[in-house]
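Have a look at the structure below, then the notes.
In structure tokens, the structure reads:
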């Protein structure tokens with residue numbers, strides 16, 4: 001494994017993450033400015049500012065800790081109601097929540113609104129119509145969705161995906177039965193493989209089976225006909241050295257593992273592989289990267305989003321699995337959650353793997369970056385503050401509240417004050433930091449094994 005290539009893979013992924021975060025914030029910034037909001041800051045990272053410049057009303061910059069990014073919009077939260085004792089303030093005893101968390105909420109509100117100026121009236125976030133607030137908050141995740149779609153689309157349509165083709169890679173001379181499954185050489189008593197008897201050779205490309213045309217990537221279509229016709233003659237047309245040929249073979253009835261839609265063997269409730277009596281001819285296919293039509297991209301993106309959603313829905317269980325693997329003897333789930341460290345490590349290992357071609361490495365890294373953006377899209381839609389989904393829920397609730405007020409002619413409706421959810425926000429942040437810490441530990445000391 002080349003150290004230089006490993007580092008290049010890590011650098012590529014760090015840059016991909018940085019660009020993804022920057023464009024996520026652009027997704028918030030553009031609609032905010034289009035809707036007339038004043039945006040004092042657009043920052044990548046947190047902590048001390050390393051570099052910045054100002055254009056118009058906005059300071060753009062990069063901070064020391066590359067752990068995310070943000071834009072600051074004036075008036076994210078409505079001003080604090082008049083304090084008890086002030087003119088127009090209701091005189092009632094503070095409840096437990098107000099006593100315990102009131103100062104915390106007030107401090108956070110003051111910090112969030114410290115940039116508000118008198119001329120910002122009508123240009124503050126909480127004053128916008130509901131649909132505009134939702135568009136602004138969904139702009140970031142939507143940008144990640146677009147990036148993921150584009151990157152995965154490039155991989156599928158330009159580089160292709162590994163596909164079992166109808167080109168024969170190997171033809172077996174005999175058929176292994178249950179009794180001789182472990183032997184490596186054919187004996188005189190072993191039945192001859194139908195494909196061998198039919199004269200097929202490695203490199204032959206099958207074009208039709210029983211008069212049914214099969215395209216280059218339709219190996220499963222070919223094998224379905226073979227499996228369904230044990231003991232029945234099956235006609236084939238194939239090309240060899242540019243010449244069209246034909247032959248007939250009779251699939252041998254044998255026990256073969258049941259496979260799922262992806263071609264993987266299926267295990268039963270007892271943990272053993274499920275077997276079925278099917279036709280078998282004794283040949284295997286080559287695997288090639290076949291470019292896919294553009295219409296296939298939405299389906300692939302949808303499948304990835306469904307898988308990511310499943311991880312998020314079962315996140316406590318998945319984190320438990322990570323903890324058991326990190327501090328025990330279990331292996332990490334290759335489809336489980338990883339940290340930024342884990343993503344960088346995976347990128348480095350792929351880049352340094354000698355058995356992967358340069359084109360396949362680049363395609364895999366692009367696909368990894370695309371999947372990362374889809375994960376950012378899905379994760380940010382979780383309806384909890386401080387995530388974008390939490391702000392969307394707050395805007396929807398405020399819109400519903402105002403709609404009900406209009407229907408029943410209720411006057412002086414106060415805006416929904418999401419800053420009061422700050423204690424829950426802190427809980428979410430602490431949980432996210434804890435999960436991030438566990439994942440980083442696991443990715444360093446018990447990483448996912450790819451090779």
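In full-length UniProt numbering, the protein residues as written are 1 to 451. Ideal placement from N, C-alpha and C gives every residue a C-beta, glycine not left out. Since the structure is predicted, the reported quantities are computational estimates derived from the model, not experimental observations.
The C-alpha of residue 69 lies about 6 Å from the C-alpha of residue 21. Closest in C-alpha terms to residue 160, from the list 306, 297, 382, comes 297. The distance from the Cβ of residue 168 to that of residue 224 is about 17 Å, inconsistent with a contact at the 8 Å cut-off. Shown here, residue 131 sits in a helix according to DSSP, grouped into three states. Straight-line measurement puts the Cα of residue 309 at about 18 Å from the Cα of residue 152. The secondary-structure analysis by DSSP pairs residue 41 across a beta bridge with 59, 72. About 13 Å separates the beta carbon of residue 375 from that of residue 13, a gap too long to meet the 8 Å contact definition. When only Cα atoms are considered, residue 142 and residue 27 end up about 7 Å apart. In the same chain as residue 202, and ignoring 5 residues on each side of it, the C-beta atoms closer than 8 Å to its own belong to 168, 169, 170, 171, in chain order. Residue 258 sits close to residue 274, with the two beta carbons spaced by under 7 Å. Residue 364 carries a helical assignment under DSSP once its states are collapsed to helix, strand and coil. When rounded, the separation of the alpha-carbon atoms in residue 429 and residue 440 is 16 Å. Your pair residue 389 and residue 380 checks out as a contact, with CB atoms roughly 6 Å apart and the cut at 8 Å. Three or more beta-carbon pairs separated by less than 8 Å are not found between the region 189 to 201 and the region 312 to 331, which leaves the two stretches without contact. By the CB criterion at 7 Å, residue 219 and residue 303 fall outside the cutoff. A distance of 7 Å or more separates the beta carbons of residue 134 and residue 31.
For residue 33, the enclosing alpha helix (DSSP H) has its first and last residue at 3 to 34.
Residue pairing for residue 174: DSSP places it in a beta bridge opposite 192.
For residue 224, the three-state secondary structure derived from DSSP is helix. By a beta-carbon distance limit of 8 Å, residue 145 contacts residue 377. Their separation comes to about 4 Å. For residue 310, the secondary structure class from DSSP, reduced to helix, strand or coil, is helix.
When Cβ pairs closer than 8 Å are counted between the two stretches, the region 34 to 47 is seen to touch the region 124 to 132, the count reaching three or more.
Here residue 418 carries a helix assignment [DSSP, helix/strand/coil]. The beta carbons of residue 65 and residue 47 sit about 4 Å from each other, so the pair counts as a contact at 8 Å. When the beta-carbon positions are compared, residue 279 and residue 227 come within less than 7 Å of each other. According to the DSSP secondary-structure assignment, residue 267 is paired through a beta bridge with 273. For the 7 Å CB-CB criterion, residue 116 and residue 74 form a contact. Here residue 50 is not near residue 163, since their CB atoms are 7 Å or more apart. The distance from the Cβ of residue 321 to that of residue 336 is about 6 Å, consistent with a contact at the 8 Å cut-off. Boundaries for residue 319: no beta strand (DSSP E) harbours it, while the alpha helix (DSSP H) harbouring it runs 315 to 327, taken from the DSSP string.
For residue 284, the closest of 427, 385, 175, 323 by C-alpha to C-alpha distance is 175. DSSP, read as helix, strand or coil, puts residue 257 in strand.
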